[in-house]
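Asks: My questions all concern the structure below.
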Amino acid sequence: MSVKTVLLGFLREGPLCGYELKRIIERAMGDWTDIAFGSIYFALDRLAKDGFVSASTEKSESHRPSRIVYTITEQGRGEYL
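Following this line, the structure appears as structure tokens:
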């Protein structure tokens, strides 16, 4: 299973940022995989360039920096199937 497929699968449930995806992958897949943050963001960038996800900046209400939230597109849903 590719990183892209895993990310599209989790994004089907709703918009997420890279950190949330990493946390979900670790919790759901445990010792089965060890995906680095760099791999996640590389795959997300590629998915966005291919039109499978859209990225939007979400400003934080606290003193934390803004984050990029990824949402699967209809084309991405079709690619996942």
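Under the working numbering, the first residue of the sequence shown is numbered 80, with each subsequent residue one higher. C-beta: ideal position from N, C-alpha, C; glycine also.
So, do the segment 132-145 and the segment 102-122 have three or more beta carbon pairs nearer to each other than 8 Å?
Replies: No: the two stretches stay apart, fewer than three of their Cβ pairs being nearer than 8 Å.
Asks: Can you name the residues that DSSP bridges to THR150?
Replies: On the sequence shown, position 71 is the one that residue 150 refers to. DSSP lists SER133 as partners of THR150.
Asks: With 16 as the cutoff for other CB atoms within 10 Å, does GLY155 come out buried or exposed?
Replies: Taking the sequence shown and counting its residues from 1, one reaches residue 155 at position 76. So GLY155 counts as buried.
Asks: Assuming ILE94 and THR152 form a contact by the criterion Cβ under 8 Å, report the distance between their Cβ atoms to the nearest whole angstrom.
Replies: Counted from its first residue, the sequence shown places residue 94 at position 15. Counted from its first residue, the sequence shown places residue 152 at position 73. According to the sequence shown, residue 94 is Pro rather than Ile. Their Cβ separation, rounded to whole angstroms, is 11 Å, which puts PRO94 and THR152 out of contact at 8 Å.
Asks: In the structure shown, what three-state DSSP assignment does LEU95 receive?
Replies: Position 16 of the sequence shown, counted from the first residue, corresponds to residue 95. The answer is strand: DSSP assigns LEU95 an E or B state.
Asks: Which value, in whole angstroms, describes the spacing of the CA atoms of GLY109 and LEU160?
Replies: To locate residue 109, count along the sequence shown from 1; it is residue 30. To locate residue 160, count along the sequence shown from 1; it is residue 81. Roughly 24 Å separates the two Cα atoms.
Asks: ARG125 and GLU137 - do their beta-carbons sit closer together than 9 Å?
Replies: Here residue 137 refers to the residue found at position 58 when the sequence shown is read from its first residue. Here residue 125 refers to the residue found at position 46 when the sequence shown is read from its first residue. Not closer than 9 Å, so no.
Asks: Any idea what DSSP makes of LYS83, helix, strand or coil?
Replies: Within the sequence shown, residue 83 is the residue found at index 4, counting from 1. DSSP places LYS83 in helix when its eight states are reduced to three.
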